[in-house]
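Peer 1:
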Amino acid sequence: SDVCSSDLEASQIIERMLPAYVELNRLWAKGSGEAHAYVNANFSQEERWTGPSSPASLALRSILKTSGADAAQQAMNALHSKIAPLARMIESAPAETIAGLRAKTVAAMWECMPGCPEHEGFDFEDAPPTFEMLFRACIRQTGLSKLAAEIESRLGGRS
């Protein structure tokens, strides 16, 4: 069930969903990368920006569909709609125990998922360097090292 009564339950649900989300993200990134590489190699920049019915746009949409990127994106959207409210719940709850810190760390892992095919691993692009340092310390202290390593391994081979 996706109904939960606490931030700890919410984090457990997210923990169970994260591997599936990461795999979908990997499939989406691979297919999206292939589609954009094909279009970039076979169409000029001007041809790529001529509208939704241009040959470049049609080729892009076709490859996104046949590569599985579209299906992966739809499945990611469905998981996102389940995970995002749980992460918001965790973010608003206090972290007064190690279990509470673990819940916050799981929510942070979700928030650091890469948003574009070029990123590999957790995405800290918009965060100060101290955030990644604290993030990784929390992962170690809360027993999430194995999950984080699995996620980064999958995200590292995305393109």
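Final position of the sequence shown in our numbering is 162; the numbers increase by one with none missing.
Note that CB positions come from ideal geometry on N, CA and C, so glycine has one too.
1) So, residue 78 versus residue 35, is the Cβ gap smaller than 7 angstroms?
2) Can you list, in chain order, the stretches of the alpha helix (DSSP H) that have 4 or more residues and sit fully within the segment 26 to 74?
3) What is the DSSP secondary structure of residue 129, reduced to helix, strand or coil?
4) Rounding to the nearest angstrom, what Cα-Cα distance links residue 15 and residue 145 in this structure?
5) Looking at C-alpha atoms only, which residue of 64, 110 and 41 is the closest neighbour of residue 85?
6) Quick check on residue 27: buried or exposed, where buried means 16 or more other Cβ atoms within 10 Å of its Cβ?
7) Who are the near neighbours of residue 93 in its chain, counting only those whose CB is closer than 8 angstroms to its CB and skipping five residues on each side?
8) For residue 134, count the other beta carbons within 10 Å of its own beta carbon; 16 or more makes it buried, fewer makes it exposed. Which is it?
9) On the CB-based measure, 16 or more other CB atoms within 10 Å of its CB, does residue 31 come out buried or exposed?
10) Taking 7 angstroms as the cut-off, decide whether the C-beta atoms of residue 129 and residue 117 are in contact.
11) I need the straight-line Cα distance from residue 96 to residue 89, nearest angstrom please.
12) Would residue 19 be called buried (16 or more neighbouring beta carbons within 10 Å of its own) or exposed?
13) Do you know offhand how far residue 151's Cα is from residue 142's?
14) What first and last residue would you give for the alpha helix (DSSP H) that runs through residue 108?
15) Using a Cβ-Cβ cut-off of 6 angstroms (strictly less than) and excluding sequence neighbours within five positions of residue 61, which residues of its own chain qualify?
Peer 2: Looking at the coordinates:
1) Position 75 of the sequence shown, counted from the first residue, corresponds to residue 78. Position 32 of the sequence shown, counted from the first residue, corresponds to residue 35. No, these two residues do not count as a Cβ contact at 7 angstroms.
2) Whole alpha helix (DSSP H) segments, 4+ residues: 48 to 51 and 58 to 69.
3) Residue numbering aside, residue 129 sits at position 126 when the sequence shown is read from its first letter. Residue 129: coil per DSSP, three-state reduction.
4) Taking the first residue of the sequence shown as 1, we reach residue 15 at position 12. Taking the first residue of the sequence shown as 1, we reach residue 145 at position 142. Going by C-alpha positions, residue 15 is about 13 angstroms away from residue 145.
5) To locate residue 85, count along the sequence shown from 1; it is residue 82. Among 64, 110 and 41, the Cα nearest to that of residue 85 is on 110.
6) In the sequence shown, the residue the question calls residue 27 occupies position 24. So residue 27 ends up on the buried side.
7) Locating residue 93 in the sequence shown gives position 90, counting from the first residue. By the criterion of a C-beta distance shorter than 8 angstroms, residue 93 is surrounded in its chain by 10, 13, 14, 17, 106, 107, 109 and 110, once the five residues flanking it on both sides are discounted.
8) For the purposes of this step, residue 134 is identified with residue 131 of the sequence shown, where counting begins at 1. Classification of residue 134: exposed, given that the 10 Å Cβ count is below 16.
9) Position 28 of the sequence shown, counted from the start, is the residue given in the question as residue 31. Buried is the call here.
10) As a working note, residue 129 is residue 126 in the sequence shown. As a working note, residue 117 is residue 114 in the sequence shown. No, the Cβ-Cβ distance between residue 129 and residue 117 is not below 7 angstroms.
11) Start at 1 with the first residue of the sequence shown, and residue 96 comes out as number 93. Start at 1 with the first residue of the sequence shown, and residue 89 comes out as number 86. The C-alpha of residue 89 is placed about 11 angstroms away from the C-alpha of residue 96.
12) Within the sequence shown, the letter at position 16 stands for residue 19. That one is exposed.
13) By 1-based counting over the sequence shown, the position of residue 151 is 148. By 1-based counting over the sequence shown, the position of residue 142 is 139. So the alpha carbons of these two residues sit roughly 7 angstroms apart.
14) As a first step, residue 108 must be located in the sequence shown, where it is residue number 105. Note, residue 108: alpha helix (DSSP H), 101 to 114.
15) Residue mapping note: residue 61 aligns to position 58 of the sequence shown, counting from 1. Apart from the 5 residues on each side of it in sequence, residue 61 has no Cβ closer than 6 angstroms to any other Cβ in its chain.
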